[in-house]
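Numbering (this note's numbering), first residue to last: 9 to 401.
Just so it is clear, CB atoms sit at the ideal spot from N, CA and C, and this is done for glycine as well.
Nothing here was measured: the structure is a model prediction, and the numbers come from that model.
Here is the structure we will look at.
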Ligand code: HEM
């Protein structure tokens, strides 16, 4: 009998052994004492992500329906309208055109000082500042407010897959109120002055015609969603990538020998690491899978991290391979909620990797790594590393 509870610290520390057992022995599993169900095989998670009618997002995508930022927690037709209004600046082409140069600059500015600097905490100096800076610049938020942004983002994420501890929930709710008030002020000030800048908030304020635009409340919720969906996830991808490269010197050597493999490496890090480990849905009808029926109105955990290590889909799923082709992982979800920020996250990871390849000969873990206490968002919160400089000639 598999005994799995996603909040169990043993599984939070290393979820993969339990996922392997769930996939093999109990692919439709109900968590004792919590009531919700877990789907762990690639085909089942993929199916549920694509079937938004049966697997609804409207009651939230975490274990408990705690808050409801727009877009990610909506079903069609609301979702269709909101998504249409925010798609343009996030297309791969728009992101490449607008952000490639700036993201490369930031990657160099944050990575290069760490090379040859002895032991550094890569989370503090690299993996969190880059995504938070990019999102603040994208929104047009003063970079002097970055620490507050980071604090809100942490508190909001802790409330997702951290603890269902009432104190944590209160802090998450408080952070939501604070960040909402902050954004409301930013938006009102922009409206008041007609300050038309070249940033996302101005674009959202000016966007669309009549009914086809977002109101201030929707804009504030969307900005909060970017903060939650785009910050910690990218930090976790960067941290996971550094840890994985340190643990796999042959992969690092292959990348240094052929830097054109960087995009393939980013895809493999996304699959192997799965920064968003799981998402939740609510069933709108009975669903029968592998002979077990999940009743309507059940909460279902879609274990993305498990799907991405399913040997039924991926050869040698626990190995990091740069030649995986196709690499159709579910790290960014699938279906109508497919990650809006995927092109940006890919760009950030690629830029960091390229600077590392150009500057660093070896990545070594140099102390205790501390992981986030969160079963939905996996990544290091403390990552002592030594980046040895590449000697030229
Ligand atoms: C490695 C980094 C990232 C990962 C692993 C990730 C993962 C995901 C996943 C799995 C979903 C699907 C949620 C669902 O189906 O319920 C999603 C949605 C979303 N992501 Fe990302 N994300 C990342 C980075 C970003 C960034 C950088 C942004 C924005 C700047 C962003 C914005 C969004 C938004 C707005 C949605 C909701 C889309 C919708 O509901 O239509 N994400 N993300």
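| field | Boundaries of the alpha helix (DSSP H) in which residue 103 is found, first to last residue | value | Here residue 103 refers to the residue found at position 95 when the chain shown is read from its first residue. 100-119 is the extent of the alpha helix (DSSP H) around residue 103.
| request: Check whether the Cβ atoms of residue 108 and residue 355 lie closer than 8 Å to each other. | output: Here residue 108 refers to the residue found at position 100 of the chain shown. Here residue 355 refers to the residue found at position 347 of the chain shown. Yes.
| query | So, using beta-carbon positions, are residue 269 and residue 258 closer together than 8 Å? | reply | Along the chain shown, one-based indexing puts residue 269 at 261. Along the chain shown, one-based indexing puts residue 258 at 250. In this structure, residue 258 does not lie closer than 8 Å to residue 269 by Cβ.
| message | Just to confirm the assignment, what range does the beta strand (DSSP E) spanning residue 24 have? | response | For the purposes of this step, residue 24 is taken as the residue at position 16 of the chain shown. From DSSP, residue 24 is part of no beta strand (DSSP E) but of the alpha helix (DSSP H) over 24-33.
| query | Buried or exposed: residue 101, going by 16 or more other Cβ atoms within 10 Å of its Cβ? | reply | Locating residue 101 in the chain shown gives position 93, where the first residue counts as 1. Exposed, by the Cβ-count rule.
| request: May I ask you to check if the CB of residue 242 is nearer than 7 Å to at least one heavy atom of ligand 1? | output: As a working note, residue 242 is residue 234 in the chain shown. Correct: residue 242 has its Cβ closer than 7 Å to ligand 1.
| By how many angstroms is the C-alpha of residue 96 removed from the C-alpha of residue 11? | Looking up residue 11 in the chain shown gives position 3. Looking up residue 96 in the chain shown gives position 88. In a straight line, the C-alpha of residue 11 is about 45 Å away from that of residue 96.
| message | Please report whether the beta-carbon of residue 314 lies at a distance below 8 Å from any beta-carbon of chain D. | response | Protein chains in the displayed structure number just one, and chain D is not present.
| field | 8 Å contact criterion, which residue 146 and residue 207 should meet: CB distance rounded | value | To locate residue 146, count along the chain shown from 1; it is residue 138. To locate residue 207, count along the chain shown from 1; it is residue 199. About 7 Å separates the two Cβ atoms, so the contact holds.
| task | At 4 residues or longer, and completely inside the segment 306-387: list those alpha helix (DSSP H) runs for me, N to C. | result | 312-315, 350-367
| message | Please report the distance separating the alpha-carbon of residue 118 from that of residue 134. | response | Position 110 of the chain shown holds residue 118. Position 126 of the chain shown holds residue 134. The alpha-carbon atoms of residue 118 and residue 134 are separated by roughly 6 Å.
| With 16 other CB atoms within 10 Å as the buried threshold, where does residue 229 fall? | Start at 1 with the first residue of the chain shown, and residue 229 comes out as number 221. Under this definition residue 229 is a buried residue.
| query | Quick one: does the C-beta of residue 101 sit closer than 7 Å to a heavy atom of ligand 1? | reply | Position 93 of the chain shown, counting from 1, holds the residue named residue 101. Answer for residue 101: no, Cβ out of range of ligand 1.
| query | Is DSSP giving residue 253 helix, strand or coil here? | reply | As a first step, residue 253 is located in the chain shown; it is residue number 245 there, counting from the start. Looking at residue 253 - three-state DSSP - the assignment turns out to be helix.
| said: Does residue 296 come out as helix, strand or coil in the three-state DSSP assignment? | reply: Taking the first residue of the chain shown as 1, we reach residue 296 at position 288. Three-state DSSP puts residue 296 in a strand.
| field | Sequence-distant residues of its chain with Cβ nearer than 6 Å to residue 275 (five each side left out) | value | For the purposes of this step, residue 275 is taken as residue 267 along the chain shown, with counting starting at 1. 335, listed in sequence order.
| Is the closest heavy atom of ligand 1 to the C-beta of residue 283 under 7 Å? | The residue you call residue 283 lines up with position 275 of the chain shown. Yes, since a heavy atom of ligand 1 falls inside the 7 Å radius drawn around the Cβ of residue 283.
| Under the three-state reduction of DSSP, which class applies to residue 92: helix, strand or coil? | Sequence index remark: in the chain shown, residue 92 carries index 84 (1-based). Of the three classes helix, strand and coil, the one that applies to residue 92 here is helix, per DSSP.
| task | Put residue 281 into one of helix, strand or coil per three-state DSSP. | result | As a working mapping, residue 281 is identified with position 273 in the chain shown. In the structure shown, residue 281 sits in a helix (DSSP, three-state: H, G or I).
| task | Express the C-alpha separation of residue 265 and residue 194 in angstroms, rounding to a whole number. | result | Position 186 of the chain shown, counted from the first residue, corresponds to residue 194. Position 257 of the chain shown, counted from the first residue, corresponds to residue 265. Taking the straight line joining both Cα atoms gives about 47 Å.
| Close Cβ partners of residue 188 (< 6 Å) along its chain, the five nearest in sequence each way excluded | By 1-based counting over the chain shown, the position of residue 188 is 180. Answer for residue 188: 228, listed in chain order.
| Between the C-alpha atoms of residue 401 and residue 267, what's the straight-line distance to the nearest angstrom? | Within the chain shown, residue 401 is the residue found at index 393, counting from 1. Within the chain shown, residue 267 is the residue found at index 259, counting from 1. Residue placement at residue 401 cannot be trusted, given a pLDDT of 49 that sits under 50; the coordinates are not used to answer.
| said: Here's the rule I'm using: 16 or more other beta-carbon atoms within 10 Å means buried, otherwise exposed. How should residue 332 be labelled? | reply: The residue labelled residue 332 in the question sits at position 324 within the chain shown. Residue 332 is buried by the Cβ-count criterion.
| task | Leaving aside the five residues before and after residue 136 along the sequence, list all residues of the same chain whose C-beta is less than 6 Å from its C-beta, in chain order. | result | Translated into the one-based positions of the chain shown, residue 136 becomes position 128. 243, listed in sequence order.
| What span of residues does the beta strand (DSSP E) with residue 428 cover, start to end? | Outside the displayed span of the chain (9 to 401) sits residue 428, for which this structure offers no information.
| query | Does the count of Cβ pairs from the segment 347-364 and the segment 380-393 closer than 8 Å reach three? | reply | no
| request: Name the residue from 164, 110, 129, 62 whose alpha carbon lies nearest to the alpha carbon of residue 179. | output: Translated into the one-based positions of the chain shown, residue 179 becomes position 171. It is 164.
| query | The beta strand (DSSP E) spanning residue 392 covers which residue range? | reply | Numbered from its first residue, the chain shown carries residue 392 at position 384. Here the beta strand (DSSP E) through residue 392 covers 392-397.
| request: Excluding the 5 residues preceding and the 5 following residue 367 in the sequence, name in chain order all residues of the same chain whose CB lies nearer than 8 Å to its CB. | output: On the chain shown, position 359 is the one that residue 367 refers to. Excluding positions up to five away in sequence, the list reads 119, 120, 123, 395, 397, 398.
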